[in-house]
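Visitor: Take this structure, written in structure tokens, and hold onto it; I'll ask about it next.
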Amino acid sequence: MVLWSLATLTGLVSPLFLPSPVAVGERFVTQLQNGELPTDASASVYRIAAGFLLATVMAVPIGILIGTSARVEAALEPLIDFVRYMPVVAFVPLTILWAGIDDGQKFLIIWMGTFFQQVLLIADAVRQTPRGLIDLGETLGLNNRQILTRIVLRSSAPRIWDALRITLGWAWTWLVVAELVAASSGLGYRITLGQRYFQTDTIITYVLILGVLGLVTDQIMRAWGRRMFRYERSSR
Amino acid sequence: MTPKVSIRDLSKSFGDVHALDRVSLDLHANEFVSVVGTSGCGKSTLLSIIAGLTEQDSGSVTVDGVPVTGPGRDRGVVFQGFTLLPWLTAQQNVQFALQDEPLSRAERASTAQQFLALVGLAGFENAFPRELSGGMQQRVAIARSLSYKPQILLMDEPFGALDALTRREMQTLLTRVWEQHKLTVLMITHDIEEAIITSDRVLVMSRRPGRIRADLTVPLARPRLAAMSSEPEFRQLYSSILELVHEPAA
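In order, the protein sequence lines correspond to chains A and B. Just so we're aligned, residue 1285 is where the first sequence starts under this note's numbering, counting upward by one. Just so we're aligned, residue 153 is where the second sequence starts under this note's numbering, counting upward by one.
In structure tokens form, the structure reads like this:
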């Protein structure tokens, strides 16, 4: 912050390359007042929520299946591992072809960027259930279904939550990627516009807002997780 | 007297390793039997087969004459590691074993509290496993295994992860609990002193192939006290077991 102020306010760096904090602050206020910022932010938040929820709703059951069944694992994991390494960015033109440039395409990009990673992270979380707890369930006479619901899911829940928290962070990146290329609203779209008109102050403002939104969602999920999995914290 | 548990010619190999080689033994009702041996002699495999968690290559295990085909609530198991469910409190961990029993909520709670009190954990009902020491966690696990009243209790080095002082305390506690609630116990251990102080009989197992090398009756009177470890009978039994444990396979 100090470096940024020094470099810009003393005229060391041209405002075209890096606007001063004051300029960024002014831009923030303008954008807030003209209503563009709230519109952009809500468009982006809506997209990320829908895309991420769609991915999560599909990834949780599939990840659990892969983590618990050797047969499903053998059938799906290599495929998912393969798809996971395909660059999502390269799919942007294709998704436009498939889904147009509306919200559906944003959902698709966010889904593609998070779903496959989620599946593998969740499968791993489920696999980490200690053998001893499963043995315990068996000796207590529980059937496989009861072991899954009463032990495996409960035991891996904190790790699954972590996987969701981490992939939500990635979802923000995919959102911006999708909005940079083809959009008529959203935080990423505004950054593209800023680029087009050399409004570096707009770009910086929106980049900072994206950072803050990401940080806030992460902190909310962290706090929520700490509440749900209170028992994990050592207080001996 | 027909034995409670009868094991005949039990063999199990993992690849080239003969973990168990034609092991036969009987456990009589309400008897406390220990199996001692060096680590890797297959004694945990023996317990796991009796528990129904591992399948044998050949031979049979019967409980009251009925062959064991899988895990069951007639056999309670206390594992070596701490197997408490970290998301449940001590009381909930005990109740976890009771959730499919035809009991009311209140009955479940009072049974759990009663067994926690039995292992000296009254007042710790609402503590999470993380908040309990290793010895306390293992006591909760023992309370849980006893709570659904299995006829047989199988224990795999239950105190192996505890420090020496806590171990002694736990052995006394276990002996006391067993003397009050008679049930058939098979305990796996590598601690000869622990085996003698707790058991009616001590079986010595050899290593690779795992075989029962000796079956020794403990002549000490009950109730057993920690001070007994200095009695001549104790010392004599101790050294003969020690010798058997380390004797090379015939």
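Using N, Cα and C, we set each Cβ at its ideal position, and we do this for glycine too. For clarity, every value in this text was computed on a predicted model and none was experimentally measured.
Can you pull the chain A neighbours of F231 (chain B), defined as C-beta to C-beta under 9 Å?
Guide: On the second sequence, residue 231 (chain B) is found 79 positions in, with the first residue counted as 1. In chain order: G1416, D1419, L1420, T1423.
Visitor: So, are the CB atoms of S176 (chain B) and I202 (chain B) less than 7 Å apart?
Guide: As a working note, residue 176 (chain B) is residue 24 in the second sequence. As a working note, residue 202 (chain B) is residue 50 in the second sequence. Contact: no.
Visitor: What are the uninterrupted segments assigned as beta strand (DSSP E) that are 3 or more residues long and contained completely in the segment 195–268 of chain B, given in chain order?
Guide: If we require 3 residues or more, the beta strand (DSSP E) runs fully inside the segment 195–268 of chain B come out as 210–215, 227–230.
Visitor: Is the beta carbon of A366 (chain B) sitting closer than 7 Å to the one on L396 (chain B)?
Guide: Start at 1 with the first residue of the second sequence, and residue 366 (chain B) comes out as number 214. Start at 1 with the first residue of the second sequence, and residue 396 (chain B) comes out as number 244. Yes, the pair counts as a contact, with Cβ atoms nearer than the cut-off.
Visitor: Please name the residue, chosen from A:L1404, A:F1399, A:V1496, A:R1517, that lies closest to V1329 (chain A) on a Cα-to-Cα basis.
Guide: Position 45 of the first sequence, counting from 1, holds the residue named residue 1329 (chain A). The shortest Cα separation from V1329 (chain A) among A:L1404, A:F1399, A:V1496, A:R1517 belongs to A:V1496.
Visitor: Relative to chain B, which residues along the segment 1438–1460 of chain A have a C-beta separation below 9 Å, given in chain order?
Guide: Cβ contacts with chain B come from R1438, S1439, A1441, P1442.
Visitor: Counting only beta-carbon atoms, is Y1490 (chain A) nearer than 7 Å to chain B?
Guide: Counting from one through the first sequence, the residue named residue 1490 (chain A) turns up at place 206. No, Y1490 (chain A) lies away from the interface with chain B (no Cβ there is under 7 Å from its Cβ).
Visitor: Which residue comes first and which comes last in the alpha helix (DSSP H) that contains L1499 (chain A)?
Guide: Reading the first sequence from its first residue, position 215 is the one you call residue 1499 (chain A). Taken as a continuous stretch (DSSP letters only), the alpha helix (DSSP H) holding L1499 (chain A) covers 1484–1512.
Visitor: Between I1364 (chain A) and the rest of its own chain, which residues show a CB-CB distance below 7 Å, the 5 nearest in sequence each way excluded?
Guide: Your numbering for residue 1364 (chain A) matches position 80 in the first sequence. Excluding residues within five positions, the ones whose Cβ falls inside 7 Å are F1400, V1403, L1404.
Visitor: Does the segment 197–214 of chain B come close enough to the segment 269–280 of chain B to have 3 or more Cβ pairs within less than 8 Å?
Guide: Cβ pair count under 8 Å is below three, so no.
Visitor: CB-CB under 7 Å to L274 (chain B), same chain, minus the five flanking residues each way: which ones, in chain order?
Guide: Here the question's residue 274 (chain B) lines up with position 122 in the second sequence. Residue identity check: residue 274 (chain B) is Ala in the sequence provided, not Leu. Same-chain partners within the cutoff: L268.
Visitor: Excluding five sequence neighbours on each side, which residues of the same chain lie with their C-beta closer than 6 Å to the C-beta of R376 (chain B)?
Guide: Taking the first residue of the second sequence as position 1, residue 376 (chain B) is located at position 224. Result list for R376 (chain B): T327, I349, in chain order.
Visitor: If the cut is a Cβ gap below 9 Å, which residues of chain A does G287 (chain B) touch?
Guide: Indexing the second sequence from 1 puts residue 287 (chain B) at position 135. Here the premise fails: no neighbours, minimum Cβ distance about 13 Å.
Visitor: Using the C-alpha atoms, what's the distance from I1418 (chain A) back to G222 (chain B)?
Guide: For the purposes of this step, residue 222 (chain B) is identified with residue 70 of the second sequence, where counting begins at 1. For the purposes of this step, residue 1418 (chain A) is identified with residue 134 of the first sequence, where counting begins at 1. Going from the Cα of G222 (chain B) to the Cα of I1418 (chain A) covers about 14 Å.
Visitor: Are V185 (chain B) and N245 (chain B) close, meaning C-beta to C-beta below 7 Å?
Guide: Position 33 of the second sequence holds residue 185 (chain B). Position 93 of the second sequence holds residue 245 (chain B). Going by C-beta atoms, V185 (chain B) is not nearer than 7 Å to N245 (chain B).
Visitor: Tell me the rounded alpha-carbon separation between L305 (chain B) and H333 (chain B).
Guide: If you number the second sequence from 1, residue 305 (chain B) lands on position 153. If you number the second sequence from 1, residue 333 (chain B) lands on position 181. L305 (chain B) and H333 (chain B): Cα-Cα distance of roughly 11 Å.
Visitor: Report buried or exposed for R1415 (chain A), applying the criterion of at least 16 other Cβ atoms within 10 angstroms of its Cβ.
Guide: If you number the first sequence from 1, residue 1415 (chain A) lands on position 131. Answer is exposed; the Cβ neighbour count stays below 16.
Visitor: Could you check what DSSP says for K301 (chain B) in three-state terms: helix, strand or coil?
Guide: Residue mapping note: residue 301 (chain B) aligns to position 149 of the second sequence, counting from 1. In this structure, K301 (chain B) counts as coil in the three-state DSSP scheme.
Visitor: Pull up the CB-CB distance for A1325 (chain A) and I1493 (chain A), whole angstroms please, since I reckon it's below 8 Å.
Guide: Taking the first residue of the first sequence as position 1, residue 1325 (chain A) is located at position 41. Taking the first residue of the first sequence as position 1, residue 1493 (chain A) is located at position 209. Sure, about 7 Å apart at Cβ, within 8 Å.
Visitor: Taking the alpha-carbon of V1461 (chain A) as reference, which of A:R1480, A:I1475, A:R1311, A:L1420 has the nearest alpha-carbon?
Guide: Along the first sequence, read from residue 1 onward, the residue named residue 1461 (chain A) stands at position 177. Among A:R1480, A:I1475, A:R1311, A:L1420, the Cα nearest to that of V1461 (chain A) belongs to A:I1475.
Visitor: Is Y1369 (chain A) close to chain B, meaning its C-beta is less than 7 Å from at least one C-beta of that chain?
Guide: Stepping through the first sequence from its first residue, residue 1369 (chain A) is reached at position 85. Y1369 (chain A) does not count as touching chain B.
Visitor: For the alpha helix (DSSP H) that contains K164 (chain B), what are its first and last residues?
Guide: Start at 1 with the first residue of the second sequence, and residue 164 (chain B) comes out as number 12. Segment 157–166 is the beta strand (DSSP E) holding K164 (chain B); no alpha helix (DSSP H) there.
Visitor: Can you grab the Cα-Cα spacing for the pair T336 (chain B) / N182 (chain B), in whole Å?
Guide: Residue numbering aside, residue 336 (chain B) sits at position 184 when the second sequence is read from its first letter. Residue numbering aside, residue 182 (chain B) sits at position 30 when the second sequence is read from its first letter. Each residue's Cα considered, the two are about 4 Å apart.
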